[in-house]
Amino acid sequence: MAFNLQGRNFLTLLDFSPEELAYLLTLSRNLKDKKRAGIKGDLLAGKNIALIFEKPSTRTRCAFVVAARDEGGYPEYLGKNDLQLGKKETVADTARVLGRMFDGIEFRGFKHQTVEGLAKYAGVPVWNGLTDLYHPTQVLADLLTIQENFGYLRGINLAYVGDGRNNMANSLMIGAAKMGLDYSIVAPRELWPENDLVDRCRAIAAENGSRIIVSDDPVQGVQGADVLYTDVWVSMGEEDKFAERIALLQPYQVNQAMLKNTGKEQVIFLHCLPAYHNTDTENGQKMLEEHGIKEMEVTEQVFESKNSKVFDQAENRMHTIKAVMVATLGK
Ligand code: CP
Ligand code: NVA
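Start counting the sequence shown at 183; every next residue gets the next number (this note's numbering).
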């Protein structure tokens, strides 16, 4: 069934019903098929799209750019030094100016209040490309990837292991609750999510026949998981916390033993990326020298295993972001 989401913002999955999210996933699959068939579209023809990035990005930026162009839209990248946003000019003024020129605005940055402020004043759809609190477009891609692998969502057991209070842990909890997946956050107590959000998600999950569990046991906590998900131990903007997180999170590394502890042969591994899984990068080298460890949230072995679906997941960013833009802005 088609839903009219024209003019809607996309700030958090909390704002969408399970039926609306299911519709966005169906639209994503259709747009993916269309792209695979080599069909260029015009669903965003004549639409100018502002892409504001306070933080770096590979997937989200490229997904918005390619998705917009595939459907005839014109994306404009505005990096952290390109705007006066929040410094010389208020969020409200920036929103009112951009809203007069653009048809839709993506924002990636620090404070969730900034994307809410843009949405309040822009008068055009605003999409959250990641804030400190939520990363909703990522979760749409994750749900699509899970659906592609298992054929369904309801009843899937998803265990998120690692920093249990970051934007990914939060948004996955909401997405799982809305779509009826059982969701476990497996993390040390110091990194458990806010109680308010857990309570809210538990109430949503109960309506959709699923459960939210928060555990600090890296063995018991992953038992029965169909999907093992992790994210970086230190999110953008928290770089001073490396030593603290390494000390807390080493028992929560996703490795071969953890995969085995799920008891599920067909378990898949997901990670929103970028991932630390080897020392080939400049940061990886630094980590090895400073902290004396070779691997962090996921081992090279798991990352490169047949269970790992991380690049399907990355590709799905583009199809799902296209669906969000088309549904809220397109013809
Ligand atoms: N997963 C994700 O949001 O990746 P980027 O930071 O590269 O956009
Ligand atoms: N939690 C990570 C997600 C990156 C896509 C961060 O915010 O840096």
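We put the beta carbon where it would ideally sit given N, CA and C, even for glycine. All figures in this text were calculated on a predicted structure; none of them were measured in a lab.
Of the residues the options, the one placed nearest residue i, counting alpha carbons only
| i | options | result |
| --- | --- | --- |
| residue 427 | 439, 247 and 414 | 414 |
| residue 268 | 255, 300, 248 and 241 | 300 |
| residue 451 | 476, 464, 429 and 480 | 480 |
| residue 507 | 196, 471, 200 and 224 | 224 |
| residue 215 | 510, 512, 305 and 500 | 500 |
| residue 221 | 381, 212 and 228 | 212 |
| residue 358 | 368, 387 and 314 | 387 |
| residue 288 | 271, 314 and 319 | 319 |
| residue 192 | 243, 308, 205 and 416 | 308 |
| residue 230 | 444, 434 and 285 | 285 |
| residue 196 | 430, 395 and 379 | 379 |
| residue 442 | 334, 402 and 260 | 402 |
| residue 490 | 447, 254 and 365 | 447 |
| residue 389 | 362, 398 and 368 | 362 |
| residue 369 | 271, 384, 393 and 351 | 351 |
| residue 439 | 417, 226 and 483 | 483 |
| residue 437 | 469, 344, 243 and 259 | 344 |
| residue 348 | 316, 377, 251 and 512 | 316 |
beta-carbon residue i near ligand 2 non-hydrogen atom, thresh 7 Å
| i | result |
| --- | --- |
| residue 417 | yes |
| residue 414 | yes |
| residue 310 | no |
| residue 350 | yes |
Residue i (DSSP reduced to helix, strand or coil)
| i | result |
| --- | --- |
| residue 482 | helix |
| residue 257 | strand |
| residue 436 | strand |
| residue 457 | coil |
| residue 475 | coil |
| residue 247 | helix |
| residue 141 | The structure shown does not extend to residue 141, since the chain is modelled only from 183 to 513, so the question has no answer here. |
| residue 428 | helix |
| residue 310 | strand |
| residue 503 | helix |
| residue 265 | coil |
| residue 192 | strand |
| residue 417 | coil |
| residue 184 | coil |
| residue 233 | strand |
| residue 452 | strand |
| residue 490 | strand |
| residue 423 | helix |
| residue 323 | helix |
| residue 468 | helix |
| residue 206 | helix |
| residue 222 | coil |
| residue 447 | coil |
| residue 509 | helix |
| residue 533 | The chain is shown only over 183 to 513; residue 533 falls outside these bounds and no answer can be derived. |
| residue 301 | helix |
| residue 496 | helix |
| residue 242 | helix |
| residue 213 | helix |
| residue 315 | coil |
Residue i: CB within 7 Å of a non-hydrogen atom of ligand 4
| i | result |
| --- | --- |
| residue 197 | This structure lacks ligand 4; the ligands present are ligand 1 and ligand 2. |
Cβ of residue i within 8 Å of any chain D Cβ
| i | result |
| --- | --- |
| residue 347 | Among the protein chains of the structure shown there is no chain D, as only one such chain exists. |
So which residues touch the region around ligand 1, with touch meaning a C-beta under 7 Å from any heavy atom?
Going along the chain, the residues that qualify are 238, 239, 240, 241, 242, 243, 312, 317, 320, 454, 455, 456 and 499.
In chain order, each alpha helix (DSSP H) run of at least 4 residues that lies wholly inside the segment 325 to 409:
Entirely contained in the segment 325 to 409, the alpha helix (DSSP H) runs reaching 4 residues are, in chain order, 349 to 361 and 377 to 389.
For a minimum of 4 consecutive residues, which ranges assigned as the alpha helix (DSSP H) are wholly contained in the segment 268 to 299?
273 to 283
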